[in-house]
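Below is one structure, written out as structure tokens; comments come after it.
Number of protein chains: 2
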Amino acid sequence: MKTYQARIYVTLRPSVLDPAGTAVQSGLKHLGYDTVEQVRIGKYIELKLRAPDDATAHTQLDQMCDQLLANPVIENYRFEVTEATEAAVSS
Amino acid sequence: MKTYQARIYVTLRPSVLDPAGTAVQSGLKHLGYDTVEQVRIGKYIELKLRAPDDATAHTQLDQMCDQLLANPVIENYRFEVTEATEAAVSS
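Here's what the structure looks like:
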């Protein structure tokens, strides 16, 4: 079994309104940042898992995203997986 | 003025407990994913802004993160900025 480090990005589908993003944009405007044109807020998940190989890690992550980490009706997800070195594991 | 697309990652500092991440890890375990060792949940913000050049965009993003997007006491942030092409703007 190897240890993998996954970075998962969950974003709202482009057609879905993002009230939190709009609120942040408005907040930035009030602070003087009126050059900000759009803000969309998503989730960033760092996950460490053990798997026998890359392919299994990818498959498991896909299933986790579909079942729990993202809501496929309104959200998209993508992820990157890297094999964790000892240094990365301890950091 | 150019249009820039920024991707901002806000994560909890390693020393800060992440109860939401622990809950997600527990949820994954209940679904059968008992090989997941750690889950940390952060924010992923996509932001579009206008700025005269790269350096100004970077400076503004740093300030926005410090003032509003992240809580520097408990969170770290990093971002990537790319100049938005017409195709990227419309997507």
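Quick mapping for you: the protein sequence lines, in order, are chains C and U.
Heads up: the first sequence is residues 1 to 91, going by our numbering.
Heads up: the second sequence is residues 1 to 91, going by our numbering.
Quick reminder that beta carbons are idealized off the backbone N, C-alpha and C, glycines included.
Go through its chain and collect everything with a Cβ distance to L61(C)'s Cβ below 8 Å, but skip five positions before and after it.
Walking along the first sequence from the start, residue 61(C) turns up at place 61. Cβ within range, chain order: A6, I8, L47, L49, F79, V81.
Pair every Cβ in the region 55 to 71 of chain U with every Cβ in the region 31 to 41 of chain U, then say whether three or more of these pairs are closer than 8 Å.
Flag = no, the region 55 to 71 of chain U and the region 31 to 41 of chain U do not touch.
Does the distance from the CB of G42(C) to the CB of T85(C) come in under 8 Å?
As a working mapping, residue 42(C) is identified with position 42 in the first sequence. As a working mapping, residue 85(C) is identified with position 85 in the first sequence. In this structure, T85(C) does not lie closer than 8 Å to G42(C) by Cβ.
Given this structure, state the Cα-to-Cα distance separating A51(U) from T22(U), to the nearest angstrom.
Taking the first residue of the second sequence as 1, we reach residue 51(U) at position 51. Taking the first residue of the second sequence as 1, we reach residue 22(U) at position 22. Approximately 39 Å, taken between the alpha carbons.
How would you write the range of the beta strand (DSSP E) that T85(C) sits in, first residue to last?
Taking the first residue of the first sequence as position 1, residue 85(C) is located at position 85. Careful: T85(C) lies outside any beta strand (DSSP E) and carries neither H nor E.
For a contact meaning CB atoms closer than 9 Å, what does E46(U) contact in chain C?
What you label residue 46(U) is simply residue 46 of the second sequence in a count that begins at 1. What E46(U) touches in chain C: T11, G21, Q38, V39, R40, I41, G42.
Alpha carbon to alpha carbon, how far is N76(C) from D18(C)? Give it in angstroms, no decimals.
Start at 1 with the first residue of the first sequence, and residue 18(C) comes out as number 18. Start at 1 with the first residue of the first sequence, and residue 76(C) comes out as number 76. Approximately 14 Å between the Cα atoms of the pair.
Does the beta-carbon distance from Y44(C) to Y44(U) come in below 8 Å?
If you number the first sequence from 1, residue 44(C) lands on position 44. If you number the second sequence from 1, residue 44(U) lands on position 44. Against a cut-off of 8 Å, the Cβ pair of Y44(U) and Y44(C) comes out as a contact.
Specify, as a first and last residue, the run of the beta strand (DSSP E) that G42(U) falls within.
Working through the second sequence from its first residue, we reach residue 42(U) at position 42. From DSSP, the beta strand (DSSP E) with G42(U) extends over 36 to 51.
Do we get a CB-CB distance below 8 Å when we pair A88(U) with the residues of chain C?
Within the second sequence, numbered from 1, the residue matching residue 88(U) stands at position 88. Caution is warranted here: a pLDDT of 47 is assigned to A88(U), below 50, making its placement in the model unreliable, and the coordinate value is therefore given only provisionally. No, because no Cβ of chain C sits closer than 8 Å to the Cβ of A88(U).
In the DSSP assignment, what residue or residues form a beta bridge with R13(U)?
Here residue 13(U) corresponds to residue number 13 of the second sequence, with the count starting at 1. Beta-bridge pairing links R13(U) to no other residue.
Per DSSP, Q5(C) forms a beta bridge with which residues?
Here residue 5(C) corresponds to residue number 5 of the first sequence, with the count starting at 1. Paired residue(s): K48(C), T82(C).
My assumption, with CB atoms under 8 Å, is that V24(U) sits in contact with I74(U). Please give the rounded CB distance.
On the second sequence, residue 24(U) is found 24 positions in, with the first residue counted as 1. On the second sequence, residue 74(U) is found 74 positions in, with the first residue counted as 1. Not quite, the Cβ-Cβ distance comes to about 18 Å (not below 8 Å), so this is no contact.
Per DSSP, which residues does N76(C) bridge with? Please list them.
Looking up residue 76(C) in the first sequence gives position 76. Answer by DSSP bridge pairing, in chain order: T11(C).
Should R40(U) be labelled buried (16 or more other beta-carbon atoms within 10 Å of its own) or exposed?
The residue you call residue 40(U) lines up with position 40 of the second sequence. With 16 or more other Cβ atoms within 10 Å, it is buried.
Is G32(C) closer than 8 Å to L68(U) when the C-beta atoms are compared?
In the second sequence, the residue the question calls residue 68(U) occupies position 68. In the first sequence, the residue the question calls residue 32(C) occupies position 32. Not a contact, by the Cβ cut-off of 8 Å.
Once you ignore the five residues that flank R13(U) on each side, which residues in its own chain have a CB closer than 7 Å to its CB?
Counted from its first residue, the second sequence places residue 13(U) at position 13. I74, E75, N76, listed in sequence order.
Check D18(U) in the structure and name its three-state DSSP category.
Position 18 of the second sequence, counting from 1, holds the residue named residue 18(U). D18(U): coil per DSSP, three-state reduction.
Residues of chain U with CB under 7 Å from L49(C), in chain order?
Reading the first sequence from its first residue, position 49 is the one you call residue 49(C). The contacting residues are T35, V36, E37.
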